[in-house]
Structure formats: structure tokens, C-alpha cells
Amino acid sequence: MWISQLDLTQWRNHEATRLVCSPGVTVLVGPNGQGKTNVVEAIRYLSTLGSHRVGS
20 MWISQLDLTQ WRNHEATRLV CSPGVTVLVG PNGQGKTNVV EAIRYLSTLG
70 SHRVGS
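Take 20 as the starting number for the sequence shown in this note's numbering and just add one per residue.
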């Protein structure tokens with residue numbers, strides 16, 4: 020399975036972000052505090068319908 024597109028609206032520091040991916044390896048690169056981890060957390064949340072920030 021691969022993600023072809025991810026749209027984030029008002030998710031943490033992403034007011035409106037569209038991430039378009041191609042099959043293969045996708046790398047998120049940028050300065051600290053720009054939301055790279057928030058993208059990964061959004062993918063995890065959608066795949067498990069849970070957040071690592073909330074205890075079970």
C-alpha cells in the first residue's frame with residue numbers, strides 16, 4: 020500500500036497542506052518546527068485511528 024495524496028486541513032500547524040507522493044521512497048526534509056513530524060503523525064493517526072500522544 021502507498022499513499023498517493025494526503026490533504027491536511029487545520030491539523031496541528033498545517034492550516035491547508037497537500038502532499039502528493041509517487042510510488043517508492045518519499046522523504047520529508049525541512050527546518051525544525053515546520054511540521055514534518057506532524058505529517059507522519061497524521062499518517063499514523065489515519066492508519067490506526069489513534070494518536071501516540073494519548074494513552075490507551
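Glycine included, every Cβ here is placed at the ideal spot set by N, Cα and C.
- [ ] List the residues that DSSP assigns as beta-bridge partners of Gln90.
- [x] With the chain covering 20 to 75 only, the question about residue 90 has no answer from this structure.
Open item on the list: Comparing C-alpha positions only, which one of Cys40, Met20 and His33 sits nearest to Gln53?
Closed with: Sequence index remark: in the sequence shown, residue 53 carries index 34 (1-based). Considering only alpha carbons, the answer is His33.
Task: Ser41 to Leu27 span [Cα, whole Å] - done: Here residue 41 refers to the residue found at position 22 of the sequence shown. Here residue 27 refers to the residue found at position 8 of the sequence shown. About 18 angstroms.
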